[in-house]
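*Asks:*
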Amino acid sequence: MKNSSRREKIWWAVISVLVLVYALFPVASILATSFKSPSDLTNGSFLPSPGAATTSNYEQILVGDAQDLFLSSLRNSIGISLIATAIAVVLATLCAYAIARLDFPGKKLVLTTALAVSIFPVISIVTPLFNLWRNIGLYDTWLGLIIPYLSLTLPISIWTLAAFFRQIPWELEQAAQVDGATTWQAFRKAIVPLAAPGVFTTAIIAFFIAWNDFVYGISLTSTEAARPVPAALAFFTGASQFESPTGAISAAAIIVTIPIVLLVLLFQRQIVSGLTSGAVKG
Amino acid sequence: MSSSTINKPDAGKTPKSDRDTKAKKQHSDRVKAERRMGWYLAGPAFVVMLLVTLYPILQAFFESLFAFRLTAPDEREFIWFANYVTILSDSVWWQGLLVTVLITVITVAVELVLGFALALVMSKALKSLKGILRTAILVPYGIITVVSAYAWFYAFDINSGYVNAWFDWVPGIDSDLNWFAQTGTSLFVIMASEIWKTTPFISLLLLAGLAQVPDELTEAAKVDGATWWEQMRKVVIPNMKAAIMVAVLFRALDAFRIFDNVFIMTNGENNTEVLSLLAYRTSISRLEIGLGSAVSVLLFICVILISFAAIKIFKVDLAGTRGEKK
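Sequence order for the protein chains is A and B. In short: position in the first sequence from 1, add 823, done, that's our numbering. In short: position in the second sequence from 1, add 46, done, that's our numbering.
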């Protein structure tokens, strides 16, 4: 018995290492590339050559030539993604509350619409918006990205939150009122603490999706005024015409991955429950 | 739901007493108020969703009926469905469709197997490992697709890569292999990046499905002497069919829209152009709004057809498995 549990432990160690390598290797790969100097890029090995590791790529995008390009896109990405997330979460919270608690005709229509919107090909929306935005002056503006981002963030927010809200024991609200709390107190003391984690989790997932966008980013912007990070990465050029932007892109890629890793480290449990409870709870 | 006992005012029956009628009237007033409240709360989200998708696709359909390029706005001309004829009789469309379908089928198949394995690992893992494994697996899920594309691109690239050096013992791989000069090898790397990034999502959906398989069933099968493989095939998989179907459909529709990986790695060179990229290049790069809109509409129709086929043929009950019981 002791033997088999020991063998089991070794098995689990092997499997865990495999999963970790699978999940983290590409990140480690681009991390290693971000510390290679331009002349070291072609060394053909995973790590920078011994003694040749450099932070010059990070300097280039944070304080050097490429800082205008990178820092402005970082600002755009953070601002646009946060605003699109906030709007989606507020609208979705109201909507999901109605779906979970109230009885009204068309409930299924709302959920089906959310589902249909979430499978909508983004590129099909881009062409008409491109033309329309140019005509009404939304092209290359924050608002011009926030609006289409709602098509990405809103549907999944509605589904996730509706699933969360269905699990809340709403009787608590009445119980609190029976105990003498006002409607508002009952809502604030009994319901908000239960609903807040769901809203927060939904916000993280919606933020990931907005942060990840590329199609809208390259199609609906043309300058540093609104271009988000993923689109900016694709437009990076080297310090000179003859220098490849590989190092700078890698460094920028690592910087925009840091917030993702932090959120995942801090809220792993919530994100998993958000992604799965929105999915299968028949 | 709290008010599942709504009595619709029944015209055929005469009420027993006045009090009864009053109660009913009050009841239906409350029902009306609840309905109104429901739409007040759900309405804004509903309207926004329609505005950001339904309106653009209708606009795209309208524009697809014109010969119209932004570089020559005065030559806009109504030409009915001629754009569609142009596209459907061009081999570029069919090549793009072929590549897109190929990528979709292969990535979804690989992801289903890999995702199922990951889901099993996560569900069976010791408590102390669960957190670490989930955290690790969420990194690819959360990472920006463009970043994933660059990570894989640089690893394989003939100049900055190390894959050729690492795997030169594999027949066909040597230091001169340029992965992005041929269709097959390009698609291999594109699909690898896509699979790496999206398998966690499918595995989480499958994990939720696994959790729904009653433990007693697997235990009973074990007692009856079923091997691990038999347990999987006869008990576990049939019991999570719904979750598998939903995961496959969602991923298939997502893979069908693939854009970022292809754009970064090859930009459609060497016959790797997918439909989304074709639409992008037609309307955004070449400013052929009429033609580009037609490609967009066709792509949209493809997505509709896939969903329709999945729902009708495989009986995928999206609403049912995604939480709505009604």
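Cβ atoms here follow ideal geometry from the backbone N, Cα and C, with glycine treated the same way.
Per DSSP, which one or two residues make a beta bridge with residue 124 of chain B?
*Replies:* Looking up residue 124 of chain B in the second sequence gives position 78. Paired residue(s): B:112.
*Asks:* I'd like to know if residue 105 of chain B contacts chain A, where contact means its C-beta is closer than 7 Å to some C-beta of that chain.
*Replies:* Walking along the second sequence from the start, residue 105 of chain B turns up at place 59. So yes, residue 105 of chain B belongs to the interface.
*Asks:* Consult DSSP for residue 1002 of chain A and reduce its assignment to one of helix, strand or coil.
*Replies:* On the first sequence, position 179 is the one that residue 1002 of chain A refers to. Residue 1002 of chain A falls in the coil class under three-state DSSP.
*Asks:* Quick one: Cα of residue 887 of chain A to Cα of residue 1048 of chain A, how far?
*Replies:* What you label residue 887 of chain A is simply residue 64 of the first sequence in a count that begins at 1. What you label residue 1048 of chain A is simply residue 225 of the first sequence in a count that begins at 1. Rounded to whole angstroms, residue 887 of chain A to residue 1048 of chain A spans 19 Å at the Cα level.
*Asks:* Please confirm whether residue 335 of chain B and residue 114 of chain B have their CB atoms less than 7 Å apart.
*Replies:* To locate residue 335 of chain B, count along the second sequence from 1; it is residue 289. To locate residue 114 of chain B, count along the second sequence from 1; it is residue 68. Contact flag set, yes.
*Asks:* Measure the alpha-carbon distance for residue 333 of chain B versus residue 116 of chain B and round it to whole angstroms.
*Replies:* Position 287 of the second sequence holds residue 333 of chain B. Position 70 of the second sequence holds residue 116 of chain B. Their Cα atoms are separated by approximately 5 Å.
*Asks:* Please report the distance separating the alpha-carbon of residue 166 of chain B from that of residue 159 of chain B.
*Replies:* Residue numbering aside, residue 166 of chain B sits at position 120 when the second sequence is read from its first letter. Residue numbering aside, residue 159 of chain B sits at position 113 when the second sequence is read from its first letter. Each residue's Cα considered, the two are about 11 Å apart.
*Asks:* Quick check on this structure: which residue in B:191, B:154, B:94 and B:83 has the alpha carbon closest to the alpha carbon of residue 1035 of chain A?
*Replies:* By one-based count along the first sequence, residue 1035 of chain A stands at place 212. Out of B:191, B:154, B:94 and B:83, B:191 has the C-alpha closest to the C-alpha of residue 1035 of chain A.
*Asks:* Does the Cβ of residue 170 of chain B have 16 or more other Cβ atoms within 10 Å, making it buried, or fewer, making it exposed?
*Replies:* What you label residue 170 of chain B is simply residue 124 of the second sequence in a count that begins at 1. The residue is exposed, with fewer than 16 neighbouring Cβ atoms inside 10 Å.
*Asks:* Between residue 920 of chain A and chain B, is any beta-carbon pair separated by less than 7 Å?
*Replies:* In the first sequence, counting from the first residue as 1, residue 920 of chain A sits at position 97. It does; some Cβ of chain B falls within 7 Å.
*Asks:* Just to confirm before moving on: does the CB-CB distance between residue 1021 of chain A and residue 995 of chain A stay below 7 Å?
*Replies:* Here residue 1021 of chain A is taken as the residue at index 198 of the first sequence, counted from 1. Here residue 995 of chain A is taken as the residue at index 172 of the first sequence, counted from 1. No, Cβ-Cβ distance for residue 1021 of chain A and residue 995 of chain A is not below 7 Å.
*Asks:* Just verifying my parser: in three-state terms, what is the DSSP assignment at residue 90 of chain B?
*Replies:* By 1-based counting over the second sequence, the position of residue 90 of chain B is 44. In the structure shown, residue 90 of chain B sits in a helix (DSSP, three-state: H, G or I).
*Asks:* Would you kindly work out how many angstroms separate the C-alpha atoms of residue 155 of chain B and residue 864 of chain A, rounded to a whole number?
*Replies:* As a position in the second sequence, residue 155 of chain B is number 109, starting the count at 1. As a position in the first sequence, residue 864 of chain A is number 41, starting the count at 1. Linking residue 155 of chain B to residue 864 of chain A through their CA atoms gives a straight-line distance of about 35 Å.
*Asks:* Taking all protein chains shown into account, do 16 or more other C-beta atoms lie within 10 angstroms of the C-beta of residue 218 of chain B, making it buried, or fewer, making it exposed?
*Replies:* As a working note, residue 218 of chain B is residue 172 in the second sequence. Exposed, by the Cβ-count rule.
*Asks:* Would you say residue 917 of chain A and residue 87 of chain B are within 7 Å of each other, going by their C-beta atoms?
*Replies:* Taking the first sequence and counting its residues from 1, one reaches residue 917 of chain A at position 94. Taking the second sequence and counting its residues from 1, one reaches residue 87 of chain B at position 41. Yes, Cβ-Cβ distance for residue 917 of chain A and residue 87 of chain B is below 7 Å.
*Asks:* If you measure from the CB of residue 166 of chain B, is any heavy atom of the ligand NAP nearer than 6 Å?
*Replies:* The ligand NAP is not among the ligands present in this structure, which contains no ligands whatsoever.
*Asks:* From this set, B:301, B:99, B:268 and B:271, which residue's C-alpha is nearest residue 972 of chain A's C-alpha?
*Replies:* Residue mapping note: residue 972 of chain A aligns to position 149 of the first sequence, counting from 1. Per the Cα distances, B:99.
*Asks:* How long is the line joining the alpha carbons of residue 270 of chain B and residue 241 of chain B, rounded to whole angstroms?
*Replies:* Numbered from its first residue, the second sequence carries residue 270 of chain B at position 224. Numbered from its first residue, the second sequence carries residue 241 of chain B at position 195. Roughly 37 Å separates the two Cα atoms.
*Asks:* Do the region 254 to 271 of chain B and the region 288 to 298 of chain B meet, that is, are 3 or more Cβ pairs less than 8 Å apart?
*Replies:* yes
*Asks:* Shortest alpha-carbon distance to residue 933 of chain A belongs to which of B:85, B:172 and B:327?
*Replies:* Indexing the first sequence from 1 puts residue 933 of chain A at position 110. Closest option to residue 933 of chain A, Cα to Cα, is B:85.
*Asks:* Starting from the Cα of residue 846 of chain A, find the closest Cα among B:78, B:146 and B:164 and give me that residue.
*Replies:* As a first step, residue 846 of chain A is located in the first sequence; it is residue number 23 there, counting from the start. For the residues B:78, B:146 and B:164, the minimum Cα distance to residue 846 of chain A belongs to B:164.
*Asks:* Taking only three categories from DSSP, how would you classify residue 176 of chain B?
*Replies:* Translated into positions along the second sequence, residue 176 of chain B becomes position 130. Residue 176 of chain B falls in the helix class under three-state DSSP.
*Asks:* Is it buried or exposed, residue 198 of chain B, if we count other Cβ atoms within 10 angstroms and call 16 or more buried?
*Replies:* In the second sequence, the residue the question calls residue 198 of chain B occupies position 152. Here residue 198 of chain B is buried: its Cβ has 16 or more other Cβ atoms, across all protein chains shown, within 10 Å.
*Asks:* Can the beta-carbon of residue 1072 of chain A be found less than 7 Å from the beta-carbon of residue 1056 of chain A?
*Replies:* As a first step, residue 1072 of chain A must be located in the first sequence, where it is residue number 249. As a first step, residue 1056 of chain A must be located in the first sequence, where it is residue number 233. Closer than 7 Å, so yes.
*Asks:* Buried or exposed for residue 266 of chain B, going by 16 or more other Cβ atoms inside 10 Å?
*Replies:* As a working note, residue 266 of chain B is residue 220 in the second sequence. Per the 10 Å Cβ criterion, exposed.
*Asks:* Can the beta-carbon of residue 976 of chain A be found closer than 7 Å to that of residue 1033 of chain A?
*Replies:* Here residue 976 of chain A is taken as the residue at index 153 of the first sequence, counted from 1. Here residue 1033 of chain A is taken as the residue at index 210 of the first sequence, counted from 1. Contact: yes.
*Asks:* Return no unless some Cβ of chain B is closer than 7 Å to the Cβ of residue 880 of chain A.
*Replies:* The residue given as residue 880 of chain A occupies position 57 in the first sequence. Not closer than 7 Å to any Cβ of chain B, the Cβ of residue 880 of chain A fails to qualify, so no.
*Asks:* If we define contact as Cβ-Cβ less than 7 Å, is residue 191 of chain B a contact residue for chain C?
*Replies:* Here chain C cannot be found, since the structure's protein chains are A and B.
*Asks:* Mind listing the chain B neighbours of residue 867 of chain A? Cutoff is C-beta to C-beta under 7 Å, in chain order.
*Replies:* Your numbering for residue 867 of chain A matches position 44 in the first sequence. Correct list: 208 and 211.
*Asks:* Closest by CA to residue 182 of chain B, which one among A:831, A:908 and A:838?
*Replies:* Taking the second sequence and counting its residues from 1, one reaches residue 182 of chain B at position 136. Minimum Cα distance to residue 182 of chain B is reached at A:838.
*Asks:* Is residue 278 of chain B close to chain A? Criterion is C-beta to C-beta, closer than 7 Å.
*Replies:* Looking up residue 278 of chain B in the second sequence gives position 232. Not an interface residue.
*Asks:* Taking only beta-carbon positions, decide if residue 858 of chain A is within less than 7 Å of chain B.
*Replies:* The count along the first sequence starts at 1 and reaches residue 858 of chain A at position 35. Residue 858 of chain A does not count as touching chain B.
*Asks:* Nearest chain A C-beta to residue 358 of chain B closer than 7 Å, yes or no?
*Replies:* Working through the second sequence from its first residue, we reach residue 358 of chain B at position 312. Not closer than 7 Å to any Cβ of chain A, the Cβ of residue 358 of chain B fails to qualify, so no.
*Asks:* Hey, how far is the Cα of residue 309 of chain B from the Cα of residue 343 of chain B?
*Replies:* As a first step, residue 309 of chain B is located in the second sequence; it is residue number 263 there, counting from the start. As a first step, residue 343 of chain B is located in the second sequence; it is residue number 297 there, counting from the start. Taking the Cα positions, residue 309 of chain B is about 21 Å away from residue 343 of chain B.
*Asks:* Listed from N- to C-terminal order along the chain, which residues in the region 1084 to 1095 of chain A have their beta-carbon within a distance smaller than 8 Å of any beta-carbon of chain B?
*Replies:* 1084, 1086, 1087, 1088, 1091, 1092, 1094 and 1095
*Asks:* Taking only beta-carbon atoms, is residue 130 of chain B less than 7 Å away from chain A?
*Replies:* For this step, residue 130 of chain B is matched to residue 84 along the second sequence. For residue 130 of chain B, the closest Cβ of chain A is not nearer than 7 Å.
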